[in-house]
Structures are given as structure tokens and as C-alpha cells.
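Counted the way full-length UniProt numbering counts, the sequence shown spans residues 1 to 513.
Scroll down for the structure; my scribbles are underneath it.
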Amino acid sequence: MGLFSLASEQPWLPALLVAVPYVIYKIQAYRKLSAFKGPPGSGWFELWHITAWLGNNSHLKFKEVCDKYGVIARVGPNDLVTSSREVLSQVNAVRSPYTRTRWSARMARTRNGVDNILSEMNEEIHVRKRHQMAPGYSGKENRELESTMDVYIAKFIHLIRSRYLSTPYHVTPFDIGEKTQFLAVDVINGIGLGESLGDLDNDEDRFEYVKQMRLGVRINSILTSFGFTWVQEIPWIARRLQPKEEDAIGLGRVLRHCRVRIQERVKRGLSERSDMLASFARHGLTTEDLVNEVIIQLIAGADTTSTAIRCLILHVLTHPPVYKKLQDEVDSAVAAGKAPAAPGIITEAAARSLPYLQACIKESLRIHPPLTTTLPKRVPDSGDTVMVDGKPVFLPPGTNVGYSVYALHRDKRTYGEDVDEFRPERWLLEKDEARLLAMNKTHDMIFGYGRYQCLGKPIAQMEISKAIFELMRNFELSLARPENPWKQENVLGLFFHEDLLVHAVDRVQGVTA
């Protein structure tokens, strides 16, 4: 009797032939990570993982998992998430054998088949590119970095003073979160290209970059949640989904803007200025590389930096003692000549020397990290053993290990029982040297670690310090809607904020708009 004849007489047989291998596969997948606890069903199906990413609070979901099931918890058939600094340090170390996962790498691409510093999976190429780009980000070969940033910080302050001041006779509520987004977009383009998009000058989201970027992240969130990022690599789909330089708005329009500016600079000679483009080119990046990396630094840098500034503004405004203490420190620095008279901008060195300002920045980044995607890494084929609470734990080969950002930075063992409270003093008054060291090492994870540490870290730190100092120096700020200060959602680890409405009263006499 032939197989087809048997199948026709026994219609259940084809289903059985499919079901048996599938069940065996699922059992093997479950047993592979059976030593790790997680939400019900997470060892068998992706449903919990999918719903966590599709919701608007994935950062809280992953924290809840680690709080309930341990510092390494199971969130999918082949996925773990950890809140252990020691594990993350080992996974992301400079010579670690772990690699990026394919789905997270695909997610970071802006163009089909073209990798960038965030999507590159070949570790040799990734390390080489980091070495090529690091001098431009650090400022060692970008001597115009701080002066360029000062231009846009000044425009930011001018925009508020010229259009949004409140007086005892009339209040003008405005969305300061939107203005910080304009600032971050203009800064990163000014530093990276030598020319901004003009958001601050025009007081608008030019080319609808922010609006379209957020739409793109939402689409990517759906594809990523269901494991369908590979769909974007199908040519006819990629042509419809991914940005094109002929687009009138959005990332494609910005991409064209970047290409035109870069080509103009290349034509004139990149060595005419000592900036980021010149540094990148000096270290071997081609014109196409420059376009690709400038775009990804805009996407990766502008949104997270503006989020960090927004969150700090909200936390300071909702804690009056902190507000007064920070404002007193700012005023004392001005009186002592540490900052030039307004409308001058404080130097990074002077801002970094202000302990309470820096403590406020660190505490805000801790309690509300601006990026909470898990950034999973793949365990090497030989597997790996990590230490958890002094005990060895084996991670099976091929497992994806992600990062629960909120759980790590709200760990009571590291930060104390009041870990959920915004208290900048914890960074200044801690007497236990061992705890303070652990706090600082943990805090460093906010910007990544090892070979995956954010190249833009020094730029972000500079921008946050300068922006907050100048806001506190120039304006008396208050929330316009304290009962509902903002609208927040977390999409694929990025925070989208709307309606952070404030009133700004001028504090500096003699400075005109």
C-alpha cells in the first residue's frame, strides 16, 4: 500500500506526521531552559513575549518578571531576561563570545540589506567600525563639538523666551517635551552634518521626521513582536515599507537632506572643518557609510537624549525641595563666574563640576532610563556559565539573553529600600564605599557596556547638563497640568511623550528675545 493510498484511507495520518515532530521540537525547546522560571506558558509559546512588546509598558512587564521569578527569568521558549549586572557585564564584555540576535539587528536597519553600527552582526566589522567612529563621538577629533552644541542650546533658550514666556497677566502653556525633541534633533544633525534640520528655527517638526519616525517604530514593534522582521527584507515589501530619498516627508526626506549635505562637504573637502564627518572620513568611512551612520545616530541619539531631558524636567518640577536646591546651585555657579553671563552657555567642564546637577541627572536616568529595549545577545554555541549570587548558572547554547533595564536600576540591594523614589542625594550622601561603587557600576549600564556601550554617551551627557543648567538659570518653570503632567507610552523600548505642558517665567533681566 502506497503512502498516498494510506493517507487517503487514514486522513489523520498527515496531521500526525506533522504533529509528532512539532511536539518533539517543543518538548526539547522547553527542556532546554526548564531550569529557569517564568510566566505560565512562556516556556512553550511566545504569547507572553508578544503581548509584553505589543503593550505600552514592556519595561514594567520585564521588571515584574525579574522581581517575581529571579534575576534570570524565562520570557519565551528560547528567551531569557536578566537584571543581573554581573551577567550583563559578562555578556557584553569587550572579548565576549556573545553576539547580537538576528531579529534585533534587523530591527536597527534603516535600509534593506545595509547595516550600520547598531545592526552589524559581524563582530570584526562592528569592532572596526567602532574604532573608526569613536574619535568623532568623543570630541578628540571633533573640536567643534561643544561650540556647535552651544549654538543650538542658545536657540532652544531663545525659542522659549521669544514665544512662550508667561507673565502675571497672561500664562502661555507649551509642550517643553516637544521643544526638547527639536533641540535633540538639531544638535545631532548640527554635530553630525554641520547643519541642522531647522526645527528650533522654525519651531516645528520639519519634514515630519519625529511623527513619521514614531509611526515607523510602531510598525516595527508589530513586526518584531511576532518575529516578522524578516518580512522587511523581501524586496517588494522593503520598497514599500522602508524610507526612500524621494519621499516628501519623514526619514526618507531626512536621508536625502543628509546625502546632499555630505556630498557637498565631500566635494569641498572634509578637512575644511574639524568635526564629526571629517573624523569619520579620516578613519576610512566612505560617503555611503557616512550617510548610513549619520541617519542611525539621529534615530538612536535624538530620541533618547530628548527623553532623558524631559524626564529630568518632570522629576525636578514634581519635587520642590530638589527644584530649589538645584536652582540655588545654578545661581551660585553664575554668581561665582563659573558660567558666562546670559545669553552665554555654560561650558561642559563647569556643568560637570556641579555636584547636585550631576546627581539629579544620574538619579533621573536611573529611575527613568530613556531606552528600555532588551537588546538580547545570543549565547555562544559552546554555552556559557555565569555567576548569580555566587552560584554558577549554565546558559544553553543559542539562547537569547536580554536586559531588564527597569529591574536592574530599581534593585533594592544596590540602591536601598527607597529605590522607587527620586532622591538625588543618594549619590552624594552614601557613606558605604562598596555600595556607592556598585551604584556607579550599575548606573554605567544605562549607556550600554563593553563593546556595545553607546558611542554617543559623552554627547548625551554634555547636552543634558547644558540644557538643564540653562533652563534653570533662565526660567522659573512650573507644570501647567500637575494632575496629569504628560502622556507616556513605551513602544519597542522607546518612550513617546506628549503634552508635558509647562509655564516659563523669565528669571534673567536684560536679556531680550
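Every residue, glycine too, gets a C-beta built ideally from N, C-alpha and C.
It should be emphasised that the depicted structure is a prediction, and the values quoted were computed from it without experimental measurement.
The continuous alpha helix (DSSP H) containing residue 199 extends over residues 199–202.
Restricting attention to 363, 428, 487 and 341, the CA atom closest to the CA of residue 507 is found in 341. At the C-beta level, residue 480 and residue 306 stay beyond 9 Å of one another.
The continuous alpha helix (DSSP H) containing residue 444 extends over residues 433–444.
By the criterion of at least three beta-carbon pairs nearer than 8 Å, the region 429–441 is not in contact with the region 372–381. Residue 365 sits away from residue 448, with the two beta carbons spaced by 9 Å or more. If you draw a straight line from the Cα of residue 70 to the Cα of residue 396, it is about 18 Å long. By the Cβ test, the region 108–128 is not in contact with the region 165–174, since fewer than three Cβ pairs between them sit closer than 8 Å. The beta carbon of residue 235 sits closer than 8 Å to the beta carbons of 112 from its chain, once the five residues preceding and following it are set aside; these are given in chain order. Secondary structure note for residue 72: its beta strand (DSSP E) is the uninterrupted segment 72–76. Residue environment for residue 497: buried (at least 16 other C-beta atoms within 10 angstroms of its C-beta). If one requires a minimum length of 4 residues, the alpha helix (DSSP H) runs lying completely within the region 178–262 are 199–202, 209–225 and 235–241, in chain order. When the Cα atoms are used, residue 298 and residue 189 turn out to be separated by approximately 7 Å. Along the length of the region 303–338, whole alpha helix (DSSP H) runs at least 4 residues long occupy 320–335, reported in chain order. Per DSSP, reduced to three states, the secondary structure at residue 493 is coil, with no helix or strand assignment.
Look at residue 394 here: in three-state DSSP terms it is strand. Between the region 449–459 and the region 132–141, the count of Cβ pairs shorter than 8 Å is three or higher; the stretches touch.
Relative to the Cα of residue 26, the nearest Cα in the group 77, 86, 277 and 161 belongs to 77. By the 16-neighbour rule on beta-carbons within 10 angstroms, residue 147 is exposed. Setting aside the 5 residues that flank it on each side, residue 486 is surrounded in the same chain by 497, 499 and 500, each with a C-beta closer than 6 Å to its C-beta; the list follows chain order. For residue 339, the closest C-alpha among the options 362, 474 and 431 is that of 474.
By the Cβ rule, the region 392–412 counts as touching the region 75–89, because three or more pairs are nearer than 8 Å.
With respect to residue 346, residue 333 sits close: the two C-beta atoms are nearer than 9 Å. The three-state reading of DSSP puts residue 272 in helix, counting H, G and I together. Where residue 62 is concerned, there is no enclosing beta strand (DSSP E), although the alpha helix (DSSP H) around it starts and stops at 58–69.
Rounded to whole angstroms, the Cβ separation of residue 224 and residue 492 is 6 Å, and the two are in contact under 8 Å.
One Cα belongs to residue 410, the other to residue 419, and the distance between them is close to 5 Å. Residue 385 and residue 100 have their C-alpha atoms roughly 18 Å apart. Here residue 46 carries a coil assignment [DSSP, helix/strand/coil]. Of the candidates 344, 75 and 406, 344 places its Cα closest to the Cα of residue 467. Per DSSP, the continuous beta strand (DSSP E) segment holding residue 387 begins and ends at 384–388. With distances taken between CA atoms, residue 35 lies nearest to 73 out of 73, 56, 157 and 24.
Measuring C-alpha to C-alpha distances from residue 54 to each of 116, 428 and 219 identifies 219 as the nearest.
In the DSSP annotation of this structure, the continuous segment of the alpha helix (DSSP H) that includes residue 414 starts and ends at 412–415.
Where residue 363 is concerned, there is no enclosing beta strand (DSSP E), although the alpha helix (DSSP H) around it starts and stops at 355–367. Judged by DSSP in its simplified three-state form, residue 164 adopts coil rather than helix or strand.
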